Amino acid sequence: MKKEVLLDGVKCAGCANTVQEKFSAIEGVESVEVDLATKKAVLESQTEIDTETLNAALADTNYSVLSA
Numbered sequence: 043m044k045k046e047v048l049l050d051g052v053k054c055a056g057c058a059n060t061v062q063e064k065f066s067a068i069e070g071v072e073s074v075e076v077d078l079a080t081k082k083a084v085l086e087s088q089t090e091i092d093t094e095t096l097n098a099a100l101a102d103t104n105y106s107v108l109s110a
């Protein structure tokens with residue numbers, strides 16, 4: 043399944059890398075691409091991943107998912 047989300051707080055390449063690492067660690071996620079210019083992430087997963095799960099993965103960062 044493909045999911046695109048809008049991110050808040052992502053301002054640099056390091057931020058984008060952190061989000062990519064956090065989302066990649068979620069069970070079932072097969073790939074993650076973060077676009078710094080648009081502040082969007084595109085996830086490919088085996089099952090549907092909800093916004094709460096994505097925000098939980100970012101809980102120890104200054105980033106969040108604004109919309110899915």
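All residue numbers for the sequence shown refer to our numbering, where the first residue is 43 and numbers rise by one.
Just so you know, even glycine gets a beta-carbon here, dropped at the ideal spot from N, CA and C.
Remember, it's a predicted structure, so these values are computed and weren't measured experimentally.
If residue i sits next to residue j, beta carbons under 8 Å apart, how far is it from one beta carbon to the other, in whole angstroms?
| i | j | result |
| --- | --- | --- |
| T89 | G70 | 5 Å |
| G51 | S106 | 6 Å |
Could you confirm whether any beta carbon from chain C is found closer than 7 Å to the beta carbon of residue i?
| i | result |
| --- | --- |
| E63 | Within the model displayed, chain C is absent; a lone protein chain is all it includes. |
If you draw a straight line from the alpha carbon of residue i to that of residue j, how long is it in whole angstroms?
| i | j | result |
| --- | --- | --- |
| D77 | I68 | 19 Å |
| A55 | T95 | 23 Å |
| D102 | E86 | 23 Å |
| N58 | E72 | The question names Asn, but residue 58 is Ala in the sequence shown. If I take the Cα positions, the gap works out to 17 Å. |
| I91 | L48 | 14 Å |
| A79 | K53 | 9 Å |
Mind checking which residues open and close the alpha helix (DSSP H) that includes residue i?
| i | result |
| --- | --- |
| E94 | T93 to A99 |
Measure the Cβ-Cβ separation of residue i and residue j and say whether it is below 7 Å.
| i | j | result |
| --- | --- | --- |
| L99 | K45 | Reading the sequence as shown, one finds Ala at residue 99 and not Leu. Result no, Cβ atoms of A99 and K45 do not sit closer than 7 Å. |
| E75 | V61 | no |
In three-state terms, what does DSSP make of residue i?
| i | result |
| --- | --- |
| A55 | helix |
| E69 | coil |
What are the start and end residues of the beta strand (DSSP E) that includes residue i?
| i | result |
| --- | --- |
| L48 | K44 to D50 |
| A83 | K82 to S87 |
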